[in-house]
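Read through the structure below, which is laid out as C-alpha cells, and then see the notes.
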Amino acid sequence: MRLETAFWEGLEEIAQKESLTVGELCNRLSERVEAVDANNLSSAVRVYVLEYFRAATPKPQESCYTPLAIAAE
Numbered sequence: 001m002r003l004e005t006a007f008w009e010g011l012e013e014i015a016q017k018e019s020l021t022v023g024e025l026c027n028r029l030s031e032r033v034e035a036v037d038a039n040n041l042s043s044a045v046r047v048y049v050l051e052y053f054r055a056a057t058p059k060p061q062e063s064c065y066t067p068l069a070i071a072a073e
C-alpha cells in the first residue's frame, strides 16, 4: 500500500494509542473495506486517519461568535 509519510506517521500514532501494531490496524481497516466491497484501501486509510484525528480535536467554541461578543468588541 502506498501512502504519504504523514499518513504512515498517523497510522503509527493511532496504532500506539489503540495498543495495536500498524499491521494489525491495517488488517482491521482492510477487513472493513472488504466488507463494504470497496477496493481502494489506501484511500480508506487516508480517510480513517483524517477522521480519527478530527474526532480527537476539540471543536472551537461557538460562543465567541455570538452577537453579544461582537457588540462587546
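Mapping to the UniProt record's numbering: the sequence shown position 43 is 43, numbers consecutive.
We put the CB at the ideal spot given by N, CA and C, even for glycine.
Supposed contact pair L3 and S42 - C-beta distance, whole angstroms, cut 8 Å: 6 Å
Cβ separation of L20 and V49, assumed to be a contact under 8 Å, to the nearest whole Å: That belief does not hold up - the Cβ atoms of L20 and V49 are roughly 14 Å apart, past 8 Å.
L20, enclosing alpha helix (DSSP H) - first and last residue: Unbroken run through L20: none, as it is neither H nor E.
Limits of the unbroken alpha helix (DSSP H) element including E4: Premise fails: E4 is in no alpha helix (DSSP H) and is neither H nor E.
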